[in-house]
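Enquirer: To start, I am sharing the structure in question, which I have written as structure tokens.
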Amino acid sequence: MNVKFFIRRSMLKAALTIFVMVLAHVSYAEQTNPQVLLEKVTKTTFARIELEQQDIQSNPDHLRGIIEQELMPHIDHQFAAFKVLGKQFRAVPKEQIPEFVGEFKQYLISNFATALSSYGGQELIFEPAKNVDKLKNITVKAIIREAGHPDIHINFKLRKSKKTQEWKTYDMVAEGISLLSSKRSEFASVLRQQGIQAVIDIMKNKNNQPLDVAANAN
Numbered sequence: 001m002n003v004k005f006f007i008r009r010s011m012l013k014a015a016l017t018i019f020v021m022v023l024a025h026v027s028y029a030e031q032t033n034p035q036v037l038l039e040k041v042t043k044t045t046f047a048r049i050e051l052e053q054q055d056i057q058s059n060p061d062h063l064r065g066i067i068e069q070e071l072m073p074h075i076d077h078q079f080a081a082f083k084v085l086g087k088q089f090r091a092v093p094k095e096q097i098p099e100f101v102g103e104f105k106q107y108l109i110s111n112f113a114t115a116l117s118s119y120g121g122q123e124l125i126f127e128p129a130k131n132v133d134k135l136k137n138i139t140v141k142a143i144i145r146e147a148g149h150p151d152i153h154i155n156f157k158l159r160k161s162k163k164t165q166e167w168k169t170y171d172m173v174a175e176g177i178s179l180l181s182s183k184r185s186e187f188a189s190v191l192r193q194q195g196i197q198a199v200i201d202i203m204k205n206k207n208n209q210p211l212d213v214a215a216n217a218n
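Heads up: the sequence shown is residues 1 to 218, going by our numbering.
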């Protein structure tokens, strides 16, 4: 075998091995400390929104796509959906649960898209990472900072799945207002008086509405 070729191949193999080890290290860090993953995911999402503004302005649903691709794999939408139902979960026909959970996922995407459609370079600052080795639920505090505006305090609620051991976000509390609590209050009377199908229809209507990002165009 040609010596130079052998050396180049060995160097390439070594480089690939190091690269895989680095990825494995990052993956392990993300699994053992969910805040590392949360920071990475949010920064990636914000960077894409800023970079792909032209696509978003021409097709607002592109923003929904970014959120579904970047954020939703790390959000426990099923657990969140059940938390929104609360004590009324037992009264919901089992056959309608999958449709409710599916629409709730899209409802979250629509709400996140509406909230993030006005994103324009704000800085998201996280508190120092904590040791979570023995924890199953954590709250990660962050601040949204923008020049000329007061800071917005955000708490991300995360839980560790018993089955998969994965950490995922299930609620966000902005300035003391919980997303899940507000949705539970929003749907409670409808669910009690009209049933689960009426709630599903409300979410479907929201999900089918086009996003209006014209006001946020640069």
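Ideal Cβ positions, reconstructed from N, Cα and C, are used throughout, including at glycine. None of these values were measured; they are calculated from a predicted model.
Does the beta-carbon of Ile109 have 16 or more other beta-carbons within 10 angstroms, so that it is buried, or is it exposed?
Expert: Per the 10 Å Cβ criterion, buried.
Enquirer: Can you tell me which of the three DSSP states Ala129 falls into?
Expert: Ala129 falls in the coil class under three-state DSSP.
Enquirer: Tell me, please, which residues DSSP counts as bridged to Ile143.
Expert: Per DSSP, Ile125 and His153.
Enquirer: Is it a yes or a no for the segment 43-53 touching the segment 94-110, going by three-plus beta-carbon pairs under 8 Å?
Expert: At 8 Å Cβ cutoff, the stretches do not touch.
Enquirer: What's the call for Glu103, buried or exposed, on a 16-neighbour Cβ count within 10 Å?
Expert: Glu103 comes out buried.
Enquirer: Can you name, in chain order, every residue of its own chain whose Cβ lies under 7 Å from the Cβ of Leu85, other than the five neighbours on each side?
Expert: Excluding positions up to five away in sequence, the list reads Val92.
Enquirer: Under the DSSP definition of a beta bridge, which residues are partnered with Ala174?
Expert: Bridge partners of Ala174: Ile154 and Ile177.
Enquirer: Return the chain-ordered list of same chain residues with a C-beta closer than 6 Å to the C-beta of Met203, the five sequence neighbours on each side being excluded.
Expert: Excluding sequence neighbours, Met203 sits near Glu103 and Tyr107.
Enquirer: Assuming Gln88 and Leu191 form a contact by the criterion Cβ under 8 Å, report the distance between their Cβ atoms to the nearest whole angstrom.
Expert: About 5 Å separates the two Cβ atoms, so the contact holds.
Enquirer: By how many angstroms is the C-alpha of Val132 removed from the C-alpha of Gln197?
Expert: Their Cα atoms are separated by approximately 39 Å.
Enquirer: Let me know the secondary structure DSSP gives Lys168 once reduced to three states.
Expert: DSSP places Lys168 in strand when its eight states are reduced to three.
Enquirer: Could you give the uninterrupted runs of the alpha helix (DSSP H) lying entirely in the segment 33-59, keeping only those of 4 residues or more?
Expert: Listed in chain order, they are 34-51 and 53-58.
Enquirer: Which stretch, first to last residue, makes up the alpha helix (DSSP H) that contains Ser110?
Expert: Per DSSP, Ser110 belongs to the alpha helix (DSSP H) from Ile97 to Leu116.
Enquirer: Where does Ser136 land, buried or exposed, given buried means 16+ other C-beta within 10 angstroms?
Expert: According to the sequence as given, residue 136 is Lys; it is not Ser. It is exposed - the Cβ of Lys136 has fewer than 16 other Cβ atoms within 10 Å.
Enquirer: Could you check if Arg48 is buried or exposed, using at least 16 other CB atoms within 10 Å of its CB as the buried criterion?
Expert: Label assigned to Arg48: buried.
Enquirer: Which whole-angstrom value is the C-beta distance of Phe112 and Ile144, which I expect to be below 8 Å?
Expert: The pair is not a contact, with the Cβ atoms about 14 Å apart (cut-off 8 Å).
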